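>
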Amino acid sequence: MTNVQTPDSFGRFGEFGGKYVPETLMLPLEELEQGLQEALKDPTFLEDYHYYLKEYSGRPTALTYAEKLSSRIGGAKIYLKREDLNHTGAHKINNAIGQALLAKRLGKKKIIAETGAGQHGVAAATVAAKFGLECKVFMGEEDIERQALNVFRMKLLGAEVIPATSGNKTLKDATNEAIRYWVQHCEDHFYMIGSVVGPHPYPYMVREFQRVIGEESKRQFQEREGGLPDKIVACVGGGSNAIGMFAPFVDDEVELIGVEAAGKGIDTPHHAATLTKGTKGVIHGSLTYLIQDEHGQIIEPYSISAGLDYPGIGPEHAYLKDSNRVEYQSVSDEEALEALHILAKEEGIIPAIESAHALATAYKEAAKMPSDKTILVCLSGRGDKDVHTLMNRMEGTVE
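Per my numbering, the sequence shown starts with residue 958, numbered consecutively.
1) Quick check for students: name the residue ranges of the beta strand (DSSP E) that lie wholly in the segment 1035 to 1120, counting only runs of 3 or more.
2) Helix, strand or coil for Gln1141? Go by DSSP, reduced to three states.
3) Val1190 lies in the beta strand (DSSP E); which residues open and close that run?
4) Grab the span of the beta strand (DSSP E) containing Ala1309 for me, first residue to last.
5) Buried or exposed: which applies to Leu989, given that a residue is buried once 16 or more other Cβ atoms fall within 10 Å of its Cβ?
6) For Leu1336, which beta-bridge partners are listed by DSSP?
7) Is it the case that the Cβ atoms of Gly1242 and Lys976 are separated by a distance below 8 angstroms?
8) Does the segment 1081 to 1091 come within contact of the segment 1043 to 1062, defined as at least 3 CB pairs closer than 8 angstroms?
9) Give me the Cα-Cα distance between Gly968 and Glu1273, rounded to the nearest whole angstrom.
10) Could you pull the DSSP bridge partners for Arg1029 from this structure?
11) I'd like the list of long-range same chain contacts for Leu1232, defined as Cβ closer than 8 angstroms, with 5 residues on each side in sequence excluded.
12) Where does Gly992 fall in DSSP's three states?
13) Do you know how far the Cα of Pro1186 is from the Cα of Thr1225?
14) What residues in its chain sit with their C-beta under 6 angstroms from that of Asn1125, if we drop five residues either side in the sequence?
15) How many angstroms separate the CA atom of Thr981 from the CA atom of Met1162?
16) Spatial neighbours of Ala1199 within its chain, please: C-beta separation below 6 angstroms, excluding the five flanking residues on both sides.
17) Please state the DSSP three-state secondary structure of Val1344.
18) Excluding sequence positions up to five away, which residues of its chain have a Cβ less than 6 angstroms from the Cβ of Ala1057?
19) In the segment 1263 to 1321, which residue ranges form an unbroken beta strand (DSSP E) of at least 3 residues, counting only runs that do not cross its ends?
20) From the DSSP output, in three-state form, read off Phe1002 for me.
21) So which of Gly1220, Pro1158, Asn1043, Gly1078 has the shortest CA-CA distance to Lys1093?
22) Given a threshold of 16 other Cβ atoms within 10 Å of its Cβ, counted over all protein chains shown, does His1252 qualify as buried or as exposed?
23) Can you have a look at Arg1339 and say buried or exposed, based on whether 16 or more other CB atoms are within 10 angstroms of its CB?
24) Per the contact definition of three or more C-beta pairs closer than 8 angstroms, is the segment 1142 to 1159 in contact with the segment 1172 to 1183?
25) So which of Ile1248, Asp1329, Ala1296, Val1239 has the shortest CA-CA distance to Ser1312?
26) Below 6 angstroms CB to CB, which residues in the same chain sit around Pro1017 once its five sequence neighbours on both sides are set aside?
27) Of the choices Ile1136, Arg1137, Met1096, His1227, whose alpha-carbon is the least far from that of Thr1122?
28) Buried or exposed: which applies to Gly1171, given that a residue is buried once 16 or more other Cβ atoms fall within 10 Å of its Cβ?
29) Would you check if the distance between the CB atom of Ala1135 and the CB atom of Ala1070 is smaller than 8 angstroms?
30) What do you get for Glu1356, buried or exposed, if any count of 16 or more other CB atoms within 10 angstroms of its CB means buried?
31) Can you tell me the Cα-Cα spacing of Ala1105 and Tyr1259, whole angstroms?
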């Protein structure tokens, strides 16, 4: 099977993607696209990128066989790709390092970013400090409250955190504000998008900076098991950890499963299941699937996970869904929390709530598979940032 992995000259994956932006942003996007293409062909840039991944972030991350967990679930052997072991605690740092190096290469000394769960905001603030860049992070007021620890970390690293007070006060609204600011300051600011969303070349660029997850996994799995995993599972909000994991396996005989947030239930208004319940439309500069009403107005998404309640999805995921290369499922808050507790108690690992959505699906899939099969889960981040949410839930103060 061959699947389109490079966007066409219009920045589209099939019909999805593109550049649906104000005229003001066309020139900065063209400058970014040209700079990116040159950088990805420059051995010195790539050497620097991999140097910082190794010496600063701590790559390669471990591939952990979850023996006790596999025994409890039954069926296939469950492996975990430990992106939670990265510096700053999530896969977001891979992309932030790449974009920071690109910003410096393009002569930009100021960066802006948006964040939901805070992990991209922390990664952006971290690389800004490391590489001497000024940093502004836009974040919804609701997420600022849910992710107070990450907000403090960003400020400690020297970033300015700017609250988004419109809409649901979550990631969508933070992204709106970041884009508005960028339109007004694009001459000297670099916009560091945290997922495979936005106008071209962002979905392509972020994928290229995250594909290290899948490339490492492939090498490690072949060394450990002498072949490839039978199934790979990753959570999707915007979809950066999933696309980074999937990309090197797209042409292999491996089942790929993306998991989105069903929130309080896929048949309720309170979910973020963009691919399961969404329709085609434009959001934040690209054509993709999003949850909207019959008038094209965005329906506010919901998930207990601040990192998953985004109303859109990366355009490459939309293409992979329609081409039937990747299966997308949805998992509720309750299922994710149960999966999180099981991993914590069986393996001594507290995952991010985002990652717990992938775990819940992996448990279901593993239980249906024979014991000589394998399943790989992308553990996209660690759960420290979600402890406050978990405490509130366990104490019964969150609905």
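All C-beta atoms, glycine included, are put in the ideal place defined by N, C-alpha and C.
Being a predicted model, the structure only gives us computed values, none of them experimental.
Taking the structure as given:
1) Within the segment 1035 to 1120, the complete beta strand (DSSP E) runs of at least 3 residues are 1067 to 1072, 1091 to 1097.
2) Three-state result, Gln1141: helix.
3) Taken as a continuous stretch (DSSP letters only), the beta strand (DSSP E) holding Val1190 covers 1188 to 1192.
4) Element bounds for Ala1309: n/a, residue is neither H nor E.
5) Answer is buried; the Cβ neighbour count reaches 16.
6) In the DSSP output, where bridge partners are listed per residue, Leu1336 has Arg1039.
7) Their beta carbons are under 8 angstroms apart, which means Gly1242 touches Lys976 by this criterion.
8) Short answer: they touch.
9) Our two residues, Gly968 and Glu1273, have alpha carbons roughly 10 angstroms apart in a direct line.
10) Beta-bridge pairing by DSSP links Arg1029 to no other residue.
11) Residues Val1193, Gly1215, Glu1217, Tyr1246, Ile1270, His1274, Ala1275, Lys1278, Tyr1285 of the same chain have their beta carbon placed closer than 8 angstroms to that of Leu1232, with the five preceding and five following residues left out of the count.
12) In this structure, Gly992 counts as helix in the three-state DSSP scheme.
13) C-alpha separation (whole angstroms): 34 angstroms.
14) These residues qualify, in order along the chain: Glu1257.
15) Distance from the CA atom of Thr981 to the CA atom of Met1162, rounded to whole angstroms, is 21 angstroms.
16) Only Ala1191, Val1193, Gly1215 meet the Cβ criterion.
17) When secondary structure is reduced to three states using DSSP, Val1344 falls in the helix class.
18) Correct list, in chain order: Val1084, Phe1088.
19) Considered as a whole, the segment 1263 to 1321 harbours 1283 to 1289 as its complete beta strand (DSSP E) runs of no fewer than 3 residues, in chain order.
20) Helix.
21) Lys1093 has its Cα closest to that of Gly1078, out of Gly1220, Pro1158, Asn1043, Gly1078.
22) That one is exposed.
23) With 16 or more other Cβ atoms within 10 Å, it is buried.
24) With contact defined as three or more Cβ pairs closer than 8 angstroms, the segment 1172 to 1183 and the segment 1142 to 1159 are not in contact.
25) Measuring from the Cα of Ser1312, the nearest candidate turns out to be Ala1296.
26) Apart from the 5 residues on each side of it in sequence, Pro1017 sits with its Cβ closer than 6 angstroms to the Cβ of Glu1173 in its chain, given in chain order.
27) Comparing alpha-carbon positions, the option among Ile1136, Arg1137, Met1096, His1227 lying closest to Thr1122 turns out to be Met1096.
28) By the beta-carbon neighbour count (other beta carbons within 10 angstroms, threshold 16), Gly1171 is buried.
29) Taking C-beta atoms as the reference points, Ala1135 and Ala1070 count as a pair closer than 8 angstroms.
30) Bear in mind that a pLDDT of 45 at Glu1356, under 50, signals an unreliable position, so the number given afterwards is only what the model happens to contain. Exposed: under 16 other Cβ atoms inside 10 Å.
31) Separation of Ala1105 and Tyr1259 (C-alpha to C-alpha, rounded to the nearest whole angstrom) is 19 angstroms.
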